[in-house]
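Data first, discussion second: the structure below is written as structure tokens.
Numbering (my numbering), first residue to last: 17 to 440.
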């Protein structure tokens, strides 16, 4: 059977023999909102466990709206106009409204890329700035969490009289679900804060995993940090395969995010009866497969359903290569993943973006990784702890050779957007 995997801006066909195909895990068909603009306006007028945005904005002299960076397909051009109009109508001058891009420890978003994110009208009308995690002078220290994490948050956000965060709720490899508190941490946190948040004490915890909120230490720590920074209003959306809005969840940060996460669980969950020998997975195409760094998220979806000692075939365009300079240098110089993870417990070894290599190590402990990409030269692929294949079908043949004619193979065409699980 031909399975069309999301790849770059299109799809990549892969043939899996019918007798070997254990299942294609996709999100159930969902109905996009008929009028997304009206839904956003209703959500900010009738929010969850919170006064309306207009009521919160009255009497405030400035506002900051936090948006996700380019690695998240948030429909900002749909959700921002109603919010901005509400703030202005409530008395906050346009020149006192800042849109802050929650880059986390990623690069800034500017120029044509920014225009695609927010639209030319907003780009030309409002002040838009990027968060820079590695610039200490742009952060303020708020103290430590109960667990001792030092909290340094972007000063632009903290200076605003009205603080609003936005984002996309989807399954997340360590936070359970994205959205909500993640706009603040890691979105607006300094690298000093992220040394702990992306350190092994949180990352190696078994409940720092996809689809889990209760008992998830990363989620709990990020929530505490966001509450320390202060959040007056939260707006998150859920989207379908075509990136259309299927749900809008606004209001109190904790309450509205919890409602949205439950909605997304129902929308994204796909199950198999038993673990399989191999999984073919994508990283959901652009923008999540622009780098190998981001594409690792697809592996975290697949590892939930593959047998111990199984295999995963990851297909990702990686049009921008391996990833950031720190991540690329780190993975190229790493010789042994077990030794790498052990070394993470020494804070002196911290490197920007190390957490994604740690996530790769989690997958590699359970399964062998085959990899197809047109964006990374073969010599570099050999340094990524994967088994490069010259074309996707070669990966299927390798899997069948390894596990035999009765091999059970599952496919996840949109990797990170699917909450893949084994039936309890």
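Every residue, glycine too, gets a C-beta built ideally from N, C-alpha and C.
Nothing here was measured: the structure is a model prediction, and the numbers come from that model.
Integer Cβ distance of residue i from residue j, believed to fall under 8 Å
i, j, result
"residue 330", "residue 415", "No, residue 330 and residue 415 are not in contact; Cβ-Cβ is about 12 Å, not under 8 Å."
"residue 297", "residue 318", "4 Å"
"residue 384", "residue 335", "That pair is no contact at about 25 Å."
"residue 181", "residue 269", "7 Å"
"residue 114", "residue 172", "6 Å"
"residue 46", "residue 256", "5 Å"
"residue 43", "residue 434", "6 Å"
"residue 48", "residue 262", "6 Å"
"residue 125", "residue 90", "Wrong, their Cβ atoms sit about 12 Å apart, outside the cutoff."
"residue 24", "residue 300", "Contact doesn't hold; Cβ gap of about 11 Å is too wide."
"residue 108", "residue 78", "7 Å"
Spatial distance of residue i from residue j (CA atoms)
i, j, result
"residue 351", "residue 405", "21 Å"
"residue 56", "residue 363", "43 Å"
"residue 347", "residue 360", "14 Å"
"residue 386", "residue 290", "22 Å"
"residue 238", "residue 421", "46 Å"
"residue 427", "residue 312", "16 Å"
"residue 376", "residue 437", "19 Å"
"residue 135", "residue 142", "11 Å"
"residue 198", "residue 20", "31 Å"
"residue 431", "residue 189", "11 Å"
"residue 447", "residue 229", "The displayed coordinates of the chain run from 17 to 440. Any statement about residue 447 would go beyond what the structure contains."
"residue 233", "residue 167", "16 Å"
"residue 149", "residue 260", "31 Å"
"residue 206", "residue 419", "46 Å"
"residue 209", "residue 165", "7 Å"
"residue 174", "residue 200", "11 Å"
"residue 117", "residue 93", "14 Å"
"residue 70", "residue 130", "27 Å"
"residue 412", "residue 183", "36 Å"
"residue 236", "residue 203", "15 Å"
"residue 247", "residue 179", "5 Å"
"residue 61", "residue 187", "27 Å"
DSSP-derived helix/strand/coil call for residue i
i, result
"residue 304", "coil"
"residue 370", "helix"
"residue 204", "coil"
"residue 146", "strand"
"residue 53", "helix"
"residue 383", "strand"
"residue 241", "helix"
"residue 246", "coil"
"residue 161", "coil"
"residue 41", "coil"
"residue 114", "strand"
"residue 68", "coil"
"residue 92", "helix"
"residue 225", "coil"
"residue 127", "helix"
"residue 29", "strand"
Residue i classed as buried or exposed, judged by whether at least 16 other C-beta atoms fall within 10 angstroms
i, result
"residue 35", "exposed"
"residue 417", "exposed"
"residue 338", "buried"
"residue 111", "exposed"
"residue 33", "exposed"
"residue 354", "exposed"
"residue 128", "exposed"
"residue 306", "buried"
"residue 8", "With the chain covering 17 to 440 only, the question about residue 8 has no answer from this structure."
"residue 152", "exposed"
"residue 374", "buried"
"residue 18", "exposed"
"residue 194", "buried"
"residue 423", "buried"
"residue 276", "buried"
"residue 378", "buried"
"residue 38", "buried"
"residue 31", "exposed"
"residue 137", "exposed"
"residue 325", "exposed"
Item to check | Those runs of the alpha helix (DSSP H) which lie wholly inside the region 393-439 and span at least 4 residues | outcome: Segments of the alpha helix (DSSP H) lying fully in the region 393-439: 394-397 and 408-419.
Item to check | In chain order, each beta strand (DSSP E) run of at least 3 residues that lies wholly inside the region 163-216 | outcome: With a minimum length of 3 residues, the continuous beta strand (DSSP E) runs that stay inside the region 163-216 are 166-170 and 178-184.
Next on the checklist: Just to confirm the assignment: which complete alpha helix (DSSP H) runs, minimum length 4, are found wholly within the region 271-357?
Outcome noted: Counting only runs of at least 4 residues, the region 271-357 fully encloses the following alpha helix (DSSP H) elements, listed from N- to C-terminal order: 308-318 and 341-349.
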